[in-house]
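In the numbering used here, each residue's number is its place in the sequence shown (first place is 1) plus 775.
By construction, the Cβ of each residue, glycine as well, lies at the ideal position given by its N, Cα and C atoms.
Before any comments, here is the structure.
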Amino acid sequence: MRPAYGVVHATASGRVPPLDGNPMAMQPTEGRGAWSGKLGFVLAAAGSAIGLGNIWRFPYMASEGGGGAFVFVYLLCVMGIGVPVLFAELAIGRATERNPVGAFKKLAPGTMWPALGGMGVAAGFGILAFYSVIAGWTVGYLWMALTGAFGPGVDAAASGALFGSFIGSPGPAIGLSALFLIITAVVVRGGISGGIEKASKILMPVLLGVLIILLIRAVTLPGGMDGVNYLLRPQLSELTPQVVVLALGQALFSMSLGMGAMITYGSYFPKDISLPFAGTAVALADMCIALLAGLIIFPALFSAGMDPQGGPGLVFVVLPTVFAQMPLGGFFAILFFASLSIAALTSTISLMEVVVAYLVDERGWARKKAATIIALACFVLAVPSALSQGAVGWLSSMPVFNQSFLDVQNILWGNYGLSIGAILITLFVGFKWGTPKMLEWIELGGNRLPGREFFAFMVKYVCPLAIAVVLVFIAVTGQYF
Ligand code: TRP
776 MRPAYGVVHA
786 TASGRVPPLD
796 GNPMAMQPTE
806 GRGAWSGKLG
816 FVLAAAGSAI
826 GLGNIWRFPY
836 MASEGGGGAF
846 VFVYLLCVMG
856 IGVPVLFAEL
866 AIGRATERNP
876 VGAFKKLAPG
886 TMWPALGGMG
896 VAAGFGILAF
906 YSVIAGWTVG
916 YLWMALTGAF
926 GPGVDAAASG
936 ALFGSFIGSP
946 GPAIGLSALF
956 LIITAVVVRG
966 GISGGIEKAS
976 KILMPVLLGV
986 LIILLIRAVT
996 LPGGMDGVNY
1006 LLRPQLSELT
1016 PQVVVLALGQ
1026 ALFSMSLGMG
1036 AMITYGSYFP
1046 KDISLPFAGT
1056 AVALADMCIA
1066 LLAGLIIFPA
1076 LFSAGMDPQG
1086 GPGLVFVVLP
1096 TVFAQMPLGG
1106 FFAILFFASL
1116 SIAALTSTIS
1126 LMEVVVAYLV
1136 DERGWARKKA
1146 ATIIALACFV
1156 LAVPSALSQG
1166 AVGWLSSMPV
1176 FNQSFLDVQN
1186 ILWGNYGLSI
1196 GAILITLFVG
1206 FKWGTPKMLE
1216 WIELGGNRLP
1226 GREFFAFMVK
1236 YVCPLAIAVV
1246 LVFIAVTGQY
1256 F
């Protein structure tokens, strides 16, 4: 397992390929595929990280956590917990060139650790099944924007009623999540550099462009600066344990951590390219897009004279009323929901890729078959979530949790799955594999990781402890993130 150039570059034929920039020549393990280079990796991994979590979830978490106070703790969590866990996952992937199950099999053969990878694969499947339902809503809203449903005169009451009836209609809810799973499967079937990377290279710049246009529009609205202040000025009186839990959970979810998505994406990382820069770029991009989304939504909200309201309806209910009062609002509505759909797609791709990589590496399935079957199976689990928002009564309040089937999925896979996964991954790196190995694989290809000792310390001690505290908190109080 030594990261020596000659060894890791040898292909199955035993030849060391020339580093001429040809993706095939850089392919680490024959037949698995690889990113064509650093940019391809950064865009795809940033595409995984940036999703509904940044644009839909971050603003509503911020509004529940008092605006600036939440953002302040969130930034600390990203730097102190998120980035170390991100590097831990990327290092495992890079060292093993495997899906999460295969990765732990390779690093800890004959132990229980591969079960942790199995949990990650299951969590990827579970998250995909409810995430695709919400992603389906964004496509529905894009359709409504295109057909002019958000014209002038849509007030808060009308918008709320529209949202309620839309997510409660069984046909669109099921149909749109099926559509989303199909599009995801089509991209994943295309493989690493041909499918996932190509899609991300087009979709991520489009997303950024759209968000920047919306940002300029939002902060220049009259009164928009109040929204900027709300988001960026921490009110320390708002700082509660609940805010810390929300912020840490948001950091994990938003950076796609805790279930091996970044192990999988790291496993396609070319060996001759240095990881410290690429990993930092992914973390920064994720953070910036979340802040960008907040800086669009809150100025627009404050300008429209509304109070920041919490809840998952923030984007879907409040923004249409904002668009309705904005010059060219219909056009901006189209742009916004198109970009939200794009962001969601590059995330669902990564969720499906974890499961597909497992089936391809460990079970010897063909990639295309794996993607198709996973999309179908996931659809079966997505249906009850899609029906749990009003269409079918008993699904909207499940036993034990008293929450909808969709929310229960988020609690099981998102809250428990990701936090237990992140604790075990950091414990594995800290006490089984060893942080020196982690650093060795991150730095393979040249560059030192700035603050390497700090990251090693955080991975080994602080991350598992901090996340365990949050886990106990949510289990005891039932206040999920
Ligand atoms: N990070 C994505 C978002 O913010 C969602 C996501 C994709 C994810 N892959 C993941 C979350 C893996 C947790 C784990 O929308």
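Residue i: CB within 7 Å of a non-hydrogen atom of ligand 1
| i | result |
| --- | --- |
| N829 | yes |
| F1044 | no |
| G893 | no |
| F1111 | no |
| A824 | yes |
| G808 | no |
| M1034 | yes |
| S1122 | yes |
| I988 | no |
| F1229 | no |
| F862 | no |
| F816 | no |
| L865 | no |
| F1176 | no |
| F1028 | yes |
| S717 | Outside the modelled stretch of the chain, which goes from 776 to 1256, sits residue 717, for which no answer is possible. |
| S1160 | no |
| L1059 | no |
| L1193 | yes |
| L1070 | no |
| L1126 | yes |
| S1031 | yes |
| I1200 | no |
| I977 | no |
| I902 | yes |
Residue i and residue j closer than 8 Å at C-beta
| i | j | result |
| --- | --- | --- |
| S1049 | G885 | no |
| Q1184 | F905 | yes |
| P875 | G892 | yes |
| V914 | L937 | no |
| V1057 | I1072 | no |
| G842 | Y1043 | no |
| G815 | S968 | yes |
| V1129 | A1036 | yes |
| L983 | I1109 | no |
| T1123 | L903 | yes |
| V908 | A1157 | yes |
| R964 | A1146 | yes |
| L1067 | L990 | yes |
| K1235 | G1196 | no |
| V994 | P1083 | no |
Exposed unless 16 or more other CB atoms sit within 10 angstroms - verdict on residue i
| i | result |
| --- | --- |
| Q1025 | buried |
| P803 | Low confidence applies to P803: its pLDDT is 49, below 50, so where it sits in the model is not reliable enough to give any reading. |
| E864 | buried |
| M887 | exposed |
| D1136 | buried |
| T1252 | exposed |
| A820 | buried |
| A779 | For A779, the predicted structure reports a pLDDT of 38, less than 50, and the residue's modelled location is therefore unreliable. A value from the coordinates is still provided. With fewer than 16 other Cβ atoms within 10 Å, it is exposed. |
| I1225 | The residue asked about is misnamed: residue 1225 is Pro in this sequence, not Ile. P1225 comes out exposed. |
| M799 | Unreliable placement is indicated for M799, whose pLDDT of 39 sits below 50; the coordinate value is still reported in the next sentence. With fewer than 16 Cβ atoms within 10 Å of its Cβ, M799 is classed as exposed. |
| Q1164 | buried |
| T1250 | Before going on, a small fix: residue 1250 reads as Ala here, not Thr. The residue is exposed, with fewer than 16 neighbouring Cβ atoms inside 10 Å. |
| V853 | buried |
| S1012 | exposed |
| A1161 | buried |
| P1159 | buried |
| Q1254 | exposed |
| T1015 | exposed |
Near ligand 3: residue i beta-carbon under 7 Å from a heavy atom
| i | result |
| --- | --- |
| S1116 | This structure lacks ligand 3; the ligands present are ligand 1. |
CB contact check: residue i to chain D, cutoff 8 Å
| i | result |
| --- | --- |
| K881 | Considering every chain present, this structure includes no chain D. It has just one protein chain. |
Anticipated Cβ contact below 8 Å, residue i with residue j, distance rounded
| i | j | result |
| --- | --- | --- |
| T1039 | G826 | Contact flag wrong, Cβ pair sits at about 16 Å. |
| F1256 | N1190 | 6 Å |
| L1246 | S1194 | 5 Å |
| S1114 | L986 | 6 Å |
| N829 | S1031 | Actually they do not touch by this definition, with Cβ atoms about 11 Å apart. |
| G966 | S1078 | The pair is not a contact, with the Cβ atoms about 45 Å apart (cut-off 8 Å). |
| P1051 | E1218 | 7 Å |
| C1153 | F900 | 6 Å |
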